[in-house]
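Asks:
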Amino acid sequence: MPELPEVETIRRTLLPLIVGKTIEDVRIFWPNIIRHPRDPEAFAARMIGQTVRGLERRGKFLKFLLDRDALISHLRMEGRYAVASALEPLEPHTHVVFCFTDGSELRYRDVRKFGTMHVYAKEEADRRPPLAELGPEPLSPAFSPAVLAERAVKTKRSVKALLLDQTVVAGFGNIYVDESLFRAGILPGRPAASLSSKEIERLHEEMVATIGEAVMKGGSTVRTYVNTQGEAGTFQHHLYVYGRQGNPCKRCGTPIEKTVVAGRGTHYCPRCQR
(Lines of atoms letter the chains of each structure in order from A and count residues from 1; the text may use other names and numbers.)
(Lines give C-alpha, C1' and ligand atoms only; values in the text may rest on other atoms or scores of the structure.)
Protein backbone atom coordinates (compact mmCIF):
# COMPACT_ATOMS: atom_id res chain seq x y z
CA MET A 1 0.00 0.00 0.00
CA PRO A 2 1.42 3.41 -0.91
CA GLU A 3 2.60 5.31 2.16
CA LEU A 4 3.27 9.00 2.68
CA PRO A 5 6.31 9.30 0.34
CA GLU A 6 4.56 7.54 -2.54
CA VAL A 7 1.33 9.54 -2.17
CA GLU A 8 3.30 12.79 -1.91
CA THR A 9 5.17 11.91 -5.11
CA ILE A 10 1.88 11.19 -6.87
CA ARG A 11 0.57 14.56 -5.67
CA ARG A 12 3.59 16.44 -6.97
CA THR A 13 3.54 14.78 -10.38
CA LEU A 14 -0.25 14.95 -10.81
CA LEU A 15 -0.81 18.57 -9.74
CA PRO A 16 0.54 20.36 -12.85
CA LEU A 17 -1.45 18.02 -15.10
CA ILE A 18 -4.87 18.88 -13.66
CA VAL A 19 -4.78 22.28 -11.94
CA GLY A 20 -6.99 24.84 -13.65
CA LYS A 21 -9.07 22.24 -15.47
CA THR A 22 -12.86 22.23 -15.22
CA ILE A 23 -14.87 19.04 -14.73
CA GLU A 24 -17.46 18.52 -17.48
CA ASP A 25 -18.59 15.02 -16.55
CA VAL A 26 -17.84 12.21 -14.09
CA ARG A 27 -18.20 8.59 -15.19
CA ILE A 28 -18.37 5.92 -12.50
CA PHE A 29 -18.02 2.24 -13.41
CA TRP A 30 -17.57 0.77 -9.89
CA PRO A 31 -19.91 2.56 -7.44
CA ASN A 32 -18.47 0.89 -4.31
CA ILE A 33 -15.47 3.22 -4.52
CA ILE A 34 -17.79 6.16 -3.80
CA ARG A 35 -18.26 6.57 -0.04
CA HIS A 36 -19.72 10.09 0.33
CA PRO A 37 -22.23 10.92 -0.87
CA ARG A 38 -23.14 7.26 -1.25
CA ASP A 39 -25.28 7.92 -4.32
CA PRO A 40 -22.88 7.89 -7.31
CA GLU A 41 -25.13 10.23 -9.28
CA ALA A 42 -25.10 12.79 -6.47
CA PHE A 43 -21.32 12.38 -6.16
CA ALA A 44 -20.86 13.15 -9.85
CA ALA A 45 -23.40 15.94 -10.03
CA ARG A 46 -21.87 18.06 -7.28
CA MET A 47 -18.45 18.11 -8.98
CA ILE A 48 -19.58 18.93 -12.53
CA GLY A 49 -18.75 22.53 -13.38
CA GLN A 50 -16.10 22.90 -10.68
CA THR A 51 -12.46 23.65 -11.48
CA VAL A 52 -9.46 21.93 -9.89
CA ARG A 53 -7.73 24.61 -7.81
CA GLY A 54 -5.12 22.55 -6.00
CA LEU A 55 -4.03 19.13 -4.78
CA GLU A 56 -2.89 18.44 -1.24
CA ARG A 57 -1.96 15.35 0.75
CA ARG A 58 -3.02 14.34 4.25
CA GLY A 59 -1.33 11.19 5.51
CA LYS A 60 -1.92 8.62 2.78
CA PHE A 61 -4.88 10.54 1.29
CA LEU A 62 -4.97 12.82 -1.74
CA LYS A 63 -7.10 15.93 -1.30
CA PHE A 64 -8.29 17.48 -4.58
CA LEU A 65 -9.37 21.09 -4.00
CA LEU A 66 -12.20 22.26 -6.24
CA ASP A 67 -14.10 25.56 -6.26
CA ARG A 68 -16.48 24.57 -3.48
CA ASP A 69 -15.67 20.99 -2.59
CA ALA A 70 -12.77 18.71 -1.71
CA LEU A 71 -12.40 15.20 -3.12
CA ILE A 72 -10.65 12.90 -0.64
CA SER A 73 -9.11 9.86 -2.33
CA HIS A 74 -7.33 6.86 -0.82
CA LEU A 75 -5.47 4.62 -3.27
CA ARG A 76 -5.33 1.59 -0.99
CA MET A 77 -3.13 -1.14 -2.52
CA GLU A 78 -3.38 -0.74 -6.29
CA GLY A 79 -5.08 2.58 -7.02
CA ARG A 80 -3.52 4.80 -9.70
CA TYR A 81 -4.31 8.10 -11.35
CA ALA A 82 -3.42 8.96 -14.94
CA VAL A 83 -4.24 11.85 -17.24
CA ALA A 84 -5.12 10.93 -20.83
CA SER A 85 -6.94 12.23 -23.88
CA ALA A 86 -10.62 11.39 -24.09
CA LEU A 87 -9.79 9.79 -27.45
CA GLU A 88 -7.56 7.15 -25.87
CA PRO A 89 -9.23 3.84 -24.95
CA LEU A 90 -9.76 3.11 -21.27
CA GLU A 91 -7.37 0.65 -19.66
CA PRO A 92 -8.85 -2.38 -17.90
CA HIS A 93 -9.85 -1.77 -14.27
CA THR A 94 -10.57 1.93 -14.85
CA HIS A 95 -13.40 2.66 -12.40
CA VAL A 96 -13.81 6.46 -12.21
CA VAL A 97 -13.16 9.03 -14.95
CA PHE A 98 -13.22 12.80 -14.46
CA CYS A 99 -13.78 14.37 -17.89
CA PHE A 100 -12.44 17.91 -18.35
CA THR A 101 -13.71 20.58 -20.72
CA ASP A 102 -10.37 20.64 -22.59
CA GLY A 103 -10.80 17.06 -23.84
CA SER A 104 -8.48 15.44 -21.30
CA GLU A 105 -9.48 13.03 -18.55
CA LEU A 106 -8.30 12.12 -15.07
CA ARG A 107 -8.69 8.36 -14.82
CA TYR A 108 -8.68 6.27 -11.64
CA ARG A 109 -7.63 2.66 -12.15
CA ASP A 110 -7.69 0.08 -9.36
CA VAL A 111 -7.15 -3.63 -9.96
CA ARG A 112 -8.34 -4.66 -6.49
CA LYS A 113 -11.12 -2.06 -6.22
CA PHE A 114 -10.16 -1.19 -2.64
CA GLY A 115 -9.79 2.58 -3.17
CA THR A 116 -12.21 5.09 -1.66
CA MET A 117 -13.50 8.56 -2.59
CA HIS A 118 -15.32 11.09 -0.40
CA VAL A 119 -16.56 14.53 -1.43
CA TYR A 120 -17.29 17.23 1.16
CA ALA A 121 -17.53 20.99 1.17
CA LYS A 122 -13.95 22.27 1.52
CA GLU A 123 -14.54 23.79 4.94
CA GLU A 124 -15.85 20.45 6.24
CA ALA A 125 -13.33 18.03 4.74
CA ASP A 126 -10.82 18.06 7.60
CA ARG A 127 -13.58 17.66 10.19
CA ARG A 128 -15.22 14.64 8.58
CA PRO A 129 -14.05 11.04 8.22
CA PRO A 130 -11.62 9.89 7.03
CA LEU A 131 -9.39 12.96 7.52
CA ALA A 132 -10.79 13.84 10.94
CA GLU A 133 -9.41 10.58 12.33
CA LEU A 134 -5.78 11.22 11.36
CA GLY A 135 -2.94 12.13 13.69
CA PRO A 136 -0.31 14.80 12.98
CA GLU A 137 1.85 14.85 9.86
CA PRO A 138 5.32 13.43 10.65
CA LEU A 139 7.10 16.34 8.94
CA SER A 140 5.10 18.99 10.79
CA PRO A 141 5.87 20.67 14.14
CA ALA A 142 2.71 19.04 15.51
CA PHE A 143 4.56 15.71 15.60
CA SER A 144 7.20 15.98 18.30
CA PRO A 145 9.05 13.60 20.65
CA ALA A 146 6.72 14.76 23.41
CA VAL A 147 3.64 13.82 21.38
CA LEU A 148 5.12 10.40 20.59
CA ALA A 149 6.09 9.83 24.22
CA GLU A 150 2.60 10.74 25.43
CA ARG A 151 1.00 8.14 23.17
CA ALA A 152 3.65 5.50 23.95
CA VAL A 153 3.21 5.55 27.73
CA LYS A 154 -0.55 5.14 27.44
CA THR A 155 -0.57 1.92 25.41
CA LYS A 156 0.13 -1.73 26.01
CA ARG A 157 0.81 -2.28 22.32
CA SER A 158 4.13 -2.94 20.63
CA VAL A 159 6.03 0.03 19.27
CA LYS A 160 5.33 -1.14 15.73
CA ALA A 161 1.58 -1.30 16.37
CA LEU A 162 1.75 2.22 17.81
CA LEU A 163 3.51 3.64 14.75
CA LEU A 164 1.10 1.94 12.34
CA ASP A 165 -1.81 3.65 14.09
CA GLN A 166 -2.83 6.52 11.80
CA THR A 167 -4.35 8.41 14.74
CA VAL A 168 -0.88 8.61 16.30
CA VAL A 169 1.02 9.80 13.23
CA ALA A 170 -0.34 9.99 9.68
CA GLY A 171 1.26 8.38 6.67
CA PHE A 172 3.43 5.59 8.10
CA GLY A 173 2.87 2.03 6.94
CA ASN A 174 4.78 -1.22 7.02
CA ILE A 175 7.82 -0.16 4.99
CA TYR A 176 8.72 3.04 6.80
CA VAL A 177 7.87 1.76 10.27
CA ASP A 178 10.30 -1.15 9.80
CA GLU A 179 12.96 1.16 8.39
CA SER A 180 12.58 3.77 11.14
CA LEU A 181 12.76 1.16 13.89
CA PHE A 182 15.91 -0.33 12.37
CA ARG A 183 17.58 3.05 12.13
CA ALA A 184 16.61 3.78 15.74
CA GLY A 185 17.92 0.37 16.92
CA ILE A 186 14.58 -0.73 18.41
CA LEU A 187 12.94 -4.14 18.02
CA PRO A 188 9.47 -3.84 16.44
CA GLY A 189 7.81 -6.13 18.98
CA ARG A 190 9.05 -4.23 22.01
CA PRO A 191 6.32 -2.69 24.22
CA ALA A 192 6.01 0.98 23.33
CA ALA A 193 5.67 1.95 26.97
CA SER A 194 9.13 0.52 27.72
CA LEU A 195 10.95 3.09 25.57
CA SER A 196 13.13 5.57 27.42
CA SER A 197 13.00 9.29 26.67
CA LYS A 198 16.27 9.03 24.75
CA GLU A 199 14.91 6.16 22.67
CA ILE A 200 11.77 8.16 21.93
CA GLU A 201 13.86 11.10 20.78
CA ARG A 202 16.00 8.88 18.57
CA LEU A 203 12.96 7.12 17.12
CA HIS A 204 11.27 10.44 16.34
CA GLU A 205 14.44 11.68 14.67
CA GLU A 206 14.74 8.58 12.50
CA MET A 207 11.05 8.61 11.55
CA VAL A 208 11.34 12.17 10.30
CA ALA A 209 14.63 11.48 8.51
CA THR A 210 13.38 8.27 6.86
CA ILE A 211 10.18 9.83 5.53
CA GLY A 212 12.02 12.95 4.37
CA GLU A 213 14.63 10.94 2.45
CA ALA A 214 11.98 8.71 0.89
CA VAL A 215 10.03 11.75 -0.35
CA MET A 216 13.20 13.14 -1.94
CA LYS A 217 13.75 9.83 -3.76
CA GLY A 218 10.18 9.52 -5.05
CA GLY A 219 9.12 6.76 -2.66
CA SER A 220 9.77 3.02 -2.79
CA THR A 221 8.77 0.70 -5.61
CA VAL A 222 8.78 -2.75 -4.03
CA ARG A 223 5.79 -4.15 -5.94
CA THR A 224 3.63 -2.16 -8.32
CA TYR A 225 3.84 1.49 -7.25
CA VAL A 226 4.65 4.07 -9.92
CA ASN A 227 4.00 7.82 -9.98
CA THR A 228 1.58 9.62 -12.32
CA GLN A 229 4.10 9.48 -15.18
CA GLY A 230 4.59 5.74 -14.71
CA GLU A 231 8.02 6.20 -13.11
CA ALA A 232 9.23 3.98 -10.25
CA GLY A 233 10.55 5.36 -6.99
CA THR A 234 14.19 4.80 -6.00
CA PHE A 235 14.16 4.63 -2.20
CA GLN A 236 13.86 0.83 -2.35
CA HIS A 237 17.57 0.79 -3.19
CA HIS A 238 18.25 2.36 0.21
CA LEU A 239 16.11 0.08 2.39
CA TYR A 240 17.94 -1.51 5.31
CA VAL A 241 15.50 -4.26 6.33
CA TYR A 242 12.15 -4.22 4.52
CA GLY A 243 11.95 -7.05 1.98
CA ARG A 244 15.54 -8.12 2.73
CA GLN A 245 14.95 -11.22 4.88
CA GLY A 246 17.87 -13.64 4.61
CA ASN A 247 20.19 -10.95 3.24
CA PRO A 248 23.07 -9.61 5.35
CA CYS A 249 22.43 -6.49 7.39
CA LYS A 250 24.08 -3.51 5.72
CA ARG A 251 25.55 -2.47 9.07
CA CYS A 252 26.64 -5.65 10.81
CA GLY A 253 26.29 -8.51 8.29
CA THR A 254 23.80 -10.50 10.37
CA PRO A 255 21.00 -12.01 8.22
CA ILE A 256 17.83 -9.94 8.28
CA GLU A 257 14.93 -11.82 9.85
CA LYS A 258 11.19 -11.63 9.25
CA THR A 259 8.40 -12.23 11.75
CA VAL A 260 4.84 -11.04 12.34
CA VAL A 261 4.16 -8.05 14.61
CA ALA A 262 0.80 -6.28 14.85
CA GLY A 263 -0.48 -8.66 12.17
CA ARG A 264 2.05 -7.44 9.61
CA GLY A 265 5.13 -9.02 8.09
CA THR A 266 8.00 -7.39 9.98
CA HIS A 267 11.67 -7.15 9.06
CA TYR A 268 14.49 -6.52 11.52
CA CYS A 269 18.13 -7.16 12.35
CA PRO A 270 18.43 -9.29 15.51
CA ARG A 271 21.82 -7.76 16.31
CA CYS A 272 21.33 -4.05 15.55
CA GLN A 273 17.87 -3.83 17.11
CA ARG A 274 17.50 -4.42 20.83
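Quick note: the sequence shown, position 71, residue 71 per the UniProt record's numbering, numbers continuous. All residues carry an ideal CB built from backbone N, CA and C; glycine is no exception.
Apart from the five residues on each side of it in sequence, which residues of its chain come closer than 6 Å, Cβ to Cβ, to His237?
Replies: Closer than 6 Å at the Cβ level, and outside the excluded window around His237, lies no residue.
Asks: Which one of Glu3, Ala192 and Glu213 has the shortest CA to CA distance from residue 275?
Replies: Coverage of the chain is limited to positions 1 through 274, which leaves residue 275 absent and any answer about it impossible.
Asks: Please name the residue, chosen from Ala170, Pro40, Asp178 and Ala192, that lies closest to Ala149 on a Cα-to-Cα basis.
Replies: The shortest Cα separation from Ala149 among Ala170, Pro40, Asp178 and Ala192 belongs to Ala192.
Asks: Tell me whether Ala82 sits in a helix, a strand or coil according to DSSP, three-state version.
Replies: Strand at Ala82.
Asks: So, does the stretch 23-35 touch the stretch 107-122, judging by three or more C-beta pairs under 8 Å?
Replies: Yes, the stretch 23-35 is in contact with the stretch 107-122.
Asks: Leaving aside the five residues before and after Leu247 along the sequence, list all residues of the same chain whose C-beta is less than 6 Å from its C-beta, in chain order.
Replies: Looking at the sequence provided, one finds Asn at residue 247 rather than Leu. The residues are Ile256.
Asks: Name the one or two DSSP bridge partners that Thr266 has.
Replies: Paired residues: Thr259.
Asks: For Leu65, which residues in the same chain have their Cβ closer than 6 Å to its Cβ, ignoring the five residues on either side in sequence?
Replies: Around Leu65: Arg53 and Gly54.
Asks: Express the C-alpha separation of Asn174 and Val7 in angstroms, rounding to a whole number.
Replies: When rounded, the distance between both Cα atoms is 15 Å.
Asks: When the Cβ atoms of the stretch 100-112 are set against those of the stretch 13-33, are three or more pairs found closer than 8 Å?
Replies: Touching, per the Cβ criterion.
Asks: Based on Cα-Cα distance, which residue from Phe235, Ile72 and Lys217 lies nearest to Glu124?
Replies: When only C-alpha atoms are compared, the closest one is Ile72.
Asks: Starting from Phe182, trace the alpha helix (DSSP H) both ways and give me its first and last residue.
Replies: It spans Asn174 to Ala184 - the alpha helix (DSSP H) in which Phe182 sits, taken as one unbroken run.
Asks: Can you find the residues in the same chain that come closer than 8 Å, C-beta to C-beta, to Val119, ignoring five residues on each side of it along the sequence?
Replies: His36, Pro37, Phe43, Arg46, Met47, Asp69, Ala70, Leu71 and Ile72, listed in sequence order.
Asks: So, helix, strand or coil for Asp110, using DSSP?
Replies: Three-state DSSP puts Asp110 in coil, outside helix and strand.
Asks: Compare the Cα-Cα distances from Thr13 to each of Pro40, Arg109 and Val83 and report the closest residue.
Replies: Minimum Cα distance to Thr13 is reached at Val83.
Asks: Which of the three DSSP states, helix, strand or coil, is assigned to His74?
Replies: Looking at His74 - three-state DSSP - the assignment turns out to be strand.
Asks: In whole angstroms, what separates the C-alpha of Val147 from that of Tyr242?
Replies: Cα to Cα, Val147 sits roughly 26 Å from Tyr242.
Asks: Return the bridge partner residues of Arg27 from the DSSP annotation.
Replies: Paired residue(s): Val97.
Asks: Would Met216 be called buried (16 or more neighbouring beta carbons within 10 Å of its own) or exposed?
Replies: It counts as exposed.
Asks: Excluding sequence positions up to five away, which residues of its chain have a Cβ less than 7 Å from the Cβ of His93?
Replies: Excluding sequence neighbours, His93 sits near Arg109, Asp110 and Val111.
Asks: For Phe235, which residues of its own chain have a beta-carbon under 8 Å away from its beta-carbon, when the five flanking residues on both sides are left out?
Replies: Answer for Phe235: Pro5, Glu213, Ala214, Lys217, Gly218, Gly219 and Ser220, listed in chain order.
Asks: State the Cα-Cα distance for the pair His204 and Lys60, rounded to the nearest angstrom.
Replies: Those two C-alpha atoms are separated by around 19 Å.
Asks: Which residues share a DSSP beta bridge with Val119?
Replies: Answer is Leu71.
Asks: So, using beta-carbon positions, are Gly49 and Ile28 closer together than 8 Å?
Replies: The answer is no: Cβ separation not under 8 Å.
Asks: Go through its chain and collect everything with a Cβ distance to Ala184's Cβ below 6 Å, but skip five positions before and after it.
Replies: Closer than 6 Å at the Cβ level, and outside the excluded window around Ala184, lie Arg202, Leu203 and Glu206.
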